[in-house]
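In the numbering used here, the protein residues as written are 57 to 152.
Glycine included, each C-beta is placed from N, C-alpha and C at the ideal position.
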């Protein structure tokens, strides 16, 4: 890190420390993006060791399910949000 390198064409390239690139910058993840939601769902499935885990919206909010059964009482209440992606984040935090 921090040394001068050359690219494939022989042009000098200065490599910076990845920490320096993000310092004083706030990274915001777009939870409405379909690809992001797909990645979150895969992370939930891995965290809960259930390749068929999915979410179901009920009267109390989002529930983490496996088939027709609730995996656990991981429910994200509708108010203040009804966003499935936020429910996925809560489910990852609650994983055993």
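Counting only residues of its own chain and dropping the five nearest sequence neighbours on each side, residue 86 has a CB closer than 7 Å to the CB of 92.
Judged by DSSP in its simplified three-state form, residue 113 adopts strand. With respect to the C-alpha of residue 119, the residue from 144, 99, 98 having the closest C-alpha is 144. Here residue 96 carries a helix assignment [DSSP, helix/strand/coil]. Selection 98, 105, 148, 127 evaluated against residue 112 yields 127 as nearest (Cα-Cα).
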